[in-house]
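Here is the structure we will look at.
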């Protein structure tokens, strides 16, 4: 499984997210072993699964071998078809308040929840990418020490 981080040009909304978060990333997805990409997308109307043709000029992939596929599938099943959380995105990412609409999600909130992180609505794609990279590094280091 992977966390996919979108760095393509995208829309004006993508550019605004990158500008606000001072990052090259504006969207994220969880890539499942069966090839489905799970997330919440403003362009697609909310929580959905789709197949995306991987173009590495538009996406960075971070392996998440420690992720719990069952947890992610349960989260997806419980939220599939729910709307995109525009108010939650604005409230938690732009304003210093946490607005958490239990009936809607935004991309990094879905991915952070799927990975089991507390307060998933506080993550931007950029912050989530940094945290996952750090955890991936720690996990690899622990595996290398175990085999030494």
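Numbering (this note's numbering), first residue to last: 2 to 149. C-beta: ideal position from N, C-alpha, C; glycine also.
- For residue 5 against residue 32, the beta-carbon gap comes to about 5 Å, under 8 Å, which counts as contact.
- Residue state for residue 105 is assigned as strand, using DSSP reduced to three classes.
- In the DSSP assignment, the residues bridged to residue 84 are 47 and 105.
- In the DSSP assignment, residue 39 forms a beta bridge with 31 and 50.
- Taking a C-beta distance under 8 Å as the contact criterion, residue 52 and residue 115 do not qualify as a contact pair.
- Close CB contacts of residue 107 within its chain, under the 7 Å cut and outside five residues either way in sequence, are with 41, 85, 86, 89 and 90 (chain order).
- Residue range 13-22 is occupied by the alpha helix (DSSP H) that includes residue 18.
- Taking each of 92, 83 and 69 in turn and checking the Cα distance to residue 113, the smallest one comes out for 69.
- Counting only the Cα atoms, residue 132 lies some 22 Å from residue 55.
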